[in-house]
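Participant:
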Amino acid sequence: MPTHLKALSLQFYRGIGPDKQSIGPFSEMNLFIGANNSGKSTVLNFIRDRLPFMAGSQKIQPLGPAEEYRGQTTGQLAAAVGIPREEFISTVDQRISPSVQQQIGIAGMIEAIVEMMIFRDFVWVVGDYGSEKKYEKEIEVDEFLKTYSEPQWNTLWNKLTNLHGGGPKNWVTDTLKAMLGAQRVSFPEVAHIPAERDLGEGATGFQIRNDKTLIDELAELQSPDHDRREDRLLFDKITSFVRVVTGKDDVTIEVPHDRKHILVHIDNKVLPLFRLGTGIQEVILIAAFCTIHDDIIVCMEEPEIHLHPVLQRKLISYLKEFTNNQYFIATHSAAFIDTPDASIFRVENDGVQTRITSAIHRGDQKQICDDLGYRASDILQSNAVVWVEGPSDRTYVRHWLNAVAPELTEGIHYTIMFYGGALVRHLGASEIVDEESLKEFIDLRALNQNMAIVLDSDKDGPRAKLKPAVSRLKSELSGGGGLVWITKGREVENYVDANLMHEALKETHPSSYKGTVETGPYDHAFYFERKKPDKKGNTVHKAADKVSVAGYVCGKPANLDILDLKARTRELADMIRKANGL
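Residue numbers for the sequence shown, in this note's numbering: 512 to 1093.
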């Protein structure tokens, strides 16, 4: 699945007021969760109506009354899209290769300039529909000139623009314009699936774009022309999803010649789709639309309406595995929160304006459940719960489990959840044990006895002692169906072969990666030597993108012959099997 839009900032739009909201990073699946009237559809509305840099878009129009922020402090709409640091640098490097930069004496200059443009890991770019790209902030020429000498600025300016002469002010402003102009910022079609979906008689009213109804599109896929035979594969894919939803392996669907209904052949009967119930009809129609329309951005409002939690999970699973779009979903449903690899954003209104924050830690996700009126339903309903610190650990654990127990499926046999907040802070503390934080976490055991937790030992040597909080969790949670996995090495990343780890670091940090540092089992596995010292003079990069690195590593076959990885993964798989009666 693609990630077309990486990040977005908004100010003075609908419920968002003077406090600009910088939202991201986005992934393939993005969930906006909040209470009624919190403004959780704000981002979807903007993407649908006003996303810049779209092919074929018209010039931006003034805001309508419903789009204006009506708080005490008002202003003009300000919006920008974010380009990730590494992507921005890599694009500029294609104009002047790093080897040429080295030869002409400006090695590291592009990276340093971009670092000055960064806010929250993104360069923010503004522009009207189809217009040139502009830097979001006013360019402070004097600040940029302080970073490098005038001859170096002149050299970089000349290489990027092929111009001569000018002066320092031109060199800075033109260089930044050239760097921005090199970026490939464009977005595909946006489709919007509203909360109140007009199914109409026989689903003929399920029309999201103006040119044709969904039932017309299905009819064309069912019987494609001679030069479009591959379209039938999409129809077959939709049929497969109908079988998953109904639990019947021999179900088929058909669009008759009059296109009044979608017919379902089931249990030796032929029934109109709506006879299977509104929930099944809606989930099939949403899945069909997202299958037919490929490589676009889909904004979806409250897909959980009329859907049982099981159908909700089946829909999300299908969209992730069998469609090729980027999704932005506004929802009330706690069932969506544990979608693997989704980006989850908490939306709230503090009485002044809408605020949107990324829910990274499980502690934040618990607060989301509280906001929605849920408590511990996900924990109660899971057969087994595996707690990890963050998204990268989740990726590794799922990868290793797939290697030793491919029959186990996340979301069905087990759920991976994040512990966070105060617990993480105190797990990293030297001698401090926060009794309240630990007790709250240990008490979760009462909700589900089949619970495992994966903890970094944080040991800097084989004889080093565990931190008090880690020892406490080990003694409290071991036994009785529970499992405590404390890493044999320093951290979870030390279970990855050092050569593969640095291959991943080099691939995901091409503009800053120079080489390896210490790679023993008690060293920081994701540290690497920088090409150029940072502003503080540090030559070791300590803030690698763990999620991207984990994604790269887990795209390779699992190597379980490191430390005690194979034994602990098998132990975890056995616990999950037992919890599921397998």
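Built from N, CA and C at the ideal position, the CB exists for glycine as well.
#1: For the alpha helix (DSSP H) containing Lys1057, name the first residue and the last one.
#2: Looking only at C-alpha atoms, which of Asn1049, Glu539, Leu519 and Thr584 sits nearest to Thr553?
#3: For Thr920, tell me which candidate among Thr763, Ala895, Val899 and Glu900 has the shortest Cα-Cα distance.
#4: Looking at Gly550 and Arg581, is the spacing between their C-beta atoms short of 8 angstroms?
#5: Which two residues bound the contiguous alpha helix (DSSP H) that contains Pro609?
#6: Rounded to a whole number of angstroms, what is the C-alpha to C-alpha distance between Gln792 and Ser968?
#7: Identify which residue in Tyr646, Ile650, Phe655 and Gly616 has its Cα closest to the Cα of Ile624.
#8: Taking the beta carbon of Asn541 as the centre, do at least 16 other beta carbons fall within 10 Å, making it buried, or is it exposed?
#9: Among Arg740, Gln614 and Val821, which one has its Cα closest to the Cα of Gly758?
#10: From what residue to what residue does the beta strand (DSSP E) around Phe1106 run?
#11: Secondary structure at Tyr1006, three-state DSSP: helix, strand or coil?
#12: What distance in whole Å lies between the Cβ atoms of Trp668 and Asp653, which are believed to be in contact at a cut-off of 8 angstroms?
#13: Assign Leu674 to one of two classes, buried (16 or more other C-beta atoms within 10 Å of its C-beta) or exposed (fewer than that).
#14: Cα-Cα, which of Leu555, Lys1067 and Phe543 is closest to Leu1011?
#15: Below 8 angstroms on the Cβ atoms is my guess for Leu826 versus Leu818; work out the distance and round it to an integer in Å.
#16: Of the choices Asp530, Ala963 and Ile927, whose alpha-carbon is the least far from that of Gln583?
#17: Just reading off the alpha helix (DSSP H) that Ile791 is part of, what are its end residues?
#18: Would a C-beta distance cut-off of 8 angstroms place Tyr838 and Val809 closer than the cut-off?
#19: For Thr763, which residues from the same chain have a beta carbon less than 7 angstroms from its beta carbon, with the 5 sequence-adjacent residues on both sides left out?
#20: On the DSSP bridge assignment, give the partners of Val858 in chain order.
#21: Where Ser903 and Pro783 are concerned, what is the direct C-alpha to C-alpha distance, given to the nearest angstrom?
#22: So for Gln572, helix, strand or coil by DSSP?
#23: Exposed or buried, what is Arg873 when buried is set at 16 or more other beta-carbons lying within 10 Å of its beta-carbon?
#24: Which residues share a DSSP beta bridge with Tyr524?
#25: Going by other Cβ atoms of all chains shown within 10 Å of its Cβ, with 16 needed for buried, is Lys1043 buried or exposed?
#26: For Leu744, is the classification buried or exposed, using 16 other Cβ atoms within 10 angstroms of its Cβ as the cut-off for buried?
#27: Determine the DSSP secondary structure at Gln532, reduced to helix, strand or coil.
#28: CB-CB under 8 angstroms to Pro513, same chain, minus the five flanking residues each way: which ones, in chain order?
#29: Classify Arg886 as buried or exposed, calling it buried when 16 or more other Cβ atoms lie within 10 Å of its own Cβ.
#30: Can you tell me whether Pro783 is helix, strand or coil according to DSSP?
#31: Does the separation of the CB atoms of Ile953 and Trp898 fall below 8 angstroms?
#32: Would you tell me roughly how many angstroms separate the C-alpha atoms of Ile923 and Trp996, rounded to the nearest one?
#33: Can you name, in chain order, every residue of its own chain whose Cβ lies under 6 angstroms from the Cβ of Asn1005, other than the five neighbours on each side?
#34: Applying the 10 Å Cβ sphere with the 16-neighbour rule, what's the burial state of Phe630?
#35: Enumerate in chain order the residues of its own chain whose CB-to-CB distance from Glu1018 is below 8 angstroms, with the five nearest sequence positions on each side excluded.
#36: Output the boundary residues of the alpha helix (DSSP H) element that contains Arg559.
Facilitator: On the basis of the data shown:
#1: Lys1057 to Val1064
#2: Leu519
#3: With distances taken between Cα atoms, Thr920 lies closest to Ala895.
#4: In this structure, the beta-carbon distance from Arg581 to Gly550 does not fall below 8 angstroms.
#5: From DSSP, the alpha helix (DSSP H) with Pro609 extends over Pro609 to Gln614.
#6: Each residue's alpha carbon lies about 50 angstroms from the other.
#7: Phe655
#8: buried
#9: Val821
#10: Nothing can be reported for residue 1106: it is not among the residues displayed for the chain, which extend from 512 to 1093.
#11: helix
#12: Actually they do not touch by this definition, with Cβ atoms about 16 angstroms apart.
#13: exposed
#14: Out of Leu555, Lys1067 and Phe543, Lys1067 has the C-alpha closest to the C-alpha of Leu1011.
#15: 7 angstroms
#16: Comparing Cα positions, the closest option is Asp530.
#17: Thr789 to Ile803
#18: With respect to Val809, Tyr838 sits close: the two C-beta atoms are nearer than 8 angstroms.
#19: Thr750 and His776
#20: DSSP output for Val858 lists Gly545 and Ile867 as bridge partner(s).
#21: 45 angstroms
#22: coil
#23: The pLDDT assigned to Arg873 is 44, lower than 50, so where the model puts this residue is not dependable, and the model offers no usable value.
#24: Ile527
#25: exposed
#26: exposed
#27: strand
#28: Same-chain partners within the cutoff: Glu539, Asp806, Asn835, Asn836 and Gln837.
#29: Caution applies to Arg886, whose pLDDT of 39 falls short of 50 and renders its modelled position unreliable; the value that the coordinates give is listed next. Per the 10 Å Cβ criterion, exposed.
#30: DSSP places Pro783 in strand when its eight states are reduced to three.
#31: no
#32: 22 angstroms
#33: Pro1032 and Ala1036
#34: Within 10 angstroms of the beta-carbon of Phe630 lie fewer than 16 other beta-carbons, which makes it exposed.
#35: Tyr1063
#36: Thr553 to Arg561
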